[in-house]
Amino acid sequence: MGHVYSFGQGLSGQLGIKTPHDCNLPQVVAGPWLSPGGESRLDYVQEGEEDSPPRMYVCKISASIQSVISKLPANLLTTDSLRCYVILPLYKDFMDAKCITTFQLPFAQAVLKLSKEMSEHYRSWLATLPRDSMQRLVSIYKNVVVQMLKNTAHNSNSEIDRSMLVSSLRILTLVHSVNFKGGRKGARLDYEEFYIPEIAERIDIRNDYLNWLNNKMRPCVAKDSPISFCEYPFLFDAQAKTLLLRSDATRQMQGAIREAVLNSNPMLWLFDPSQVQFLNVHIRRTHIVEDTISQLLHHEVTDYKRPLKVHFIGEEAEDAGGVRKEFFLLLLRDILNPNYGMFDEYSQTNTIWFKEGALETASTFELIGGDEEIVYALNFAVTQDFYGQTKSIPLKAGGEEIAVTAVNKQEYVDLLVDYMLNTSIENQYRAFHDGFYRVCGGIVLKLFQPVELMDLVSGNENYSWTEFEKNTEYKGEYHPGHPVIATFWEVFHELSLDQKKQFLKFLTGTDRVPILGMKVR
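With UniProt numbering, letter number 157 in the sequence shown gets 157, and the count goes up by one each step, no holes.
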């Protein structure tokens, strides 16, 4: 605990020294000293009688702090005055939703009104705060945002509600920029700690996105225009981002259809509108990869945005979604087959990576998206097998003649990793990247974290079979209470996990759970 000192005027008696004498120099107060009770002790005090001295003291403290916050100046004389901006949020009432108008809002407004110089100092101090202090500040203003979402619509006409929401969002933006100023490696808080799941639950993401796009195209935006959460995308969790991506994809798809209609023959649109509305491909099951590539290469890039409709040659099935799912399953099965030579599979991690020196053309990738010297016995070269032929590739100039030692082993590892993940597959990756962005590209995609994008593409295994049953839709005479349906679910819930996953794959084309979960969206 260290030491506690007492000094100053002794009119009422010195703390811990029991003497009325003035002390010009600090005097050590005898211990032992115990750790304070923290907020739980204050809560205990507030539960006491209304006129009890401890409770009255706490009320006086709250009133004093409230007065200080309301008078925080925008122009500070010295940087030392900024200390109160760091200390004040530690007070317990900042976590109380009832104090939004007296504590959180005026404090946020004071921080946002700081001069440029003082704001820079405040940011630098924030960057050095302990993790829990920064986390507390984020929690305070996330709670305010959630409270505003619960109380009113985000385009409320109430000036004070609007001010609370905007100020809180701007404070979160400030803390987020400070936290990630040096990149993710040096960040105190993880990106997920800024997420507000209630945004996806209480906001119409599609309308919010369209309003945001419209505002971006206007030379000036009205002061009372609706607040757009798309201005603060770092608050979106994976579900909100997925809904946002869907909205953007729908917008791009509708744009592609409009362009196709404008550029098409009016007679074609009149007699066979599906030829204009959809990107139609006719595929032989025996040549699924070759037919897909040859047909897609004859289309313009903008056509890739239109809805895909698959026709298997010689089959009558109309593609209402099921044929397309089967097509992708078969296509990916062939493309990912190691014998096809496009990807290497790593069984230990259950992952794949581009195959170095693959025989496929770039367009194919584009269209699918001790004495350590003795111990290591390595040099600055990598040996690769290219379809039966072994080649030695130097990692640096003269690498085959440079042995790996304790001194240069880190350089070797860095060069090897760069070669395996970047240099060796640069052409394949670049073609895949370009093809992926032609179809799925857009500003929304950049909002996803890598792990979120992986879950979006491949799904996850967060199964909730009760949620699955709850959100199932029925057609015709069937309904949740129908005897056949009741019997089906009774049997289904008795199946093993593997059997349930097989049924899910039969029904949806995959045994993985979408990023939005087993919910109807």
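The beta-carbon is built from N, C-alpha and C at its ideal position, and this holds for glycine as well.
As the structure is a prediction and not an experimental result, all values here were calculated from the model.
Buried or exposed (CB count within 10 angstroms, at least 16 for buried), residue i
i	result
CYS59	exposed
ARG188	buried
ASP498	exposed
ILE443	exposed
PHE506	exposed
ARG162	buried
LYS309	buried
ASP484	The residue you asked about is not Asp; residue 484 is Val in the sequence shown. The residue is exposed, with fewer than 16 neighbouring Cβ atoms inside 10 Å.
ALA381	buried
Range covered by the beta strand (DSSP E) that runs through residue i
i	result
LEU308	308 to 312
HIS433	It is not in any beta strand (DSSP E) - HIS433 instead sits in the alpha helix (DSSP H) that spans 426 to 440.
GLU345	343 to 346
Rounded C-alpha distance that separates residue i from residue j
i	j	result
LEU213	PRO130	38 Å
ILE199	ALA240	7 Å
SER247	GLY255	12 Å
GLY459	GLY517	9 Å
TRP489	ARG285	35 Å
PHE328	GLY322	10 Å
VAL301	ALA260	12 Å
LYS446	THR128	29 Å
ASP334	LEU504	22 Å
LYS92	GLN109	19 Å
MET420	GLU356	8 Å
TRP353	PHE432	12 Å
SER347	LEU330	21 Å
GLU117	PHE194	26 Å
ARG306	ARG258	10 Å
SER64	PRO73	16 Å
LEU235	LYS71	30 Å
PHE492	TYR474	16 Å
GLN147	CYS99	12 Å
VAL407	ILE393	22 Å
MET217	SER67	43 Å
ASN339	LEU137	54 Å
ALA403	LYS181	39 Å
PRO450	GLU477	44 Å
GLN410	GLU400	17 Å
ASP455	ASN462	11 Å
ALA486	LYS501	20 Å
Cβ-Cβ separation, residue j to residue i (assumed contact under 8 Å), whole Å
i	j	result
LYS396	LEU415	6 Å
TYR122	LEU169	The pair is not a contact, with the Cβ atoms about 18 Å apart (cut-off 8 Å).
CYS230	ASP204	The pair is not a contact, with the Cβ atoms about 12 Å apart (cut-off 8 Å).
LYS142	LEU172	7 Å
residue 547	LEU88	Outside the shown range of the chain (1 to 521) lies residue 547, about which nothing can therefore be said.
Interface flag, residue i vs chain B, CB-CB below 9 Å
i	result
ASP93	Checking the listed chains, one finds no chain B in this structure; it contains a single protein chain.
Residue(s) in a DSSP beta bridge with residue i
i	result
PHE103	In the DSSP output, where bridge partners are listed per residue, PHE103 has none listed.
TRP353	ASP344
Residue interval of the alpha helix (DSSP H) (run including residue i)
i	result
ASN214	205 to 217
ILE283	Segment 279 to 283 is the beta strand (DSSP E) holding ILE283; no alpha helix (DSSP H) there.
CYS230	Neither: CYS230 is in no alpha helix (DSSP H) and is coded neither H nor E.
LEU126	116 to 128
PHE328	322 to 335
ILE402	Careful: ILE402 lies outside any alpha helix (DSSP H) and carries neither H nor E.
PHE492	483 to 492
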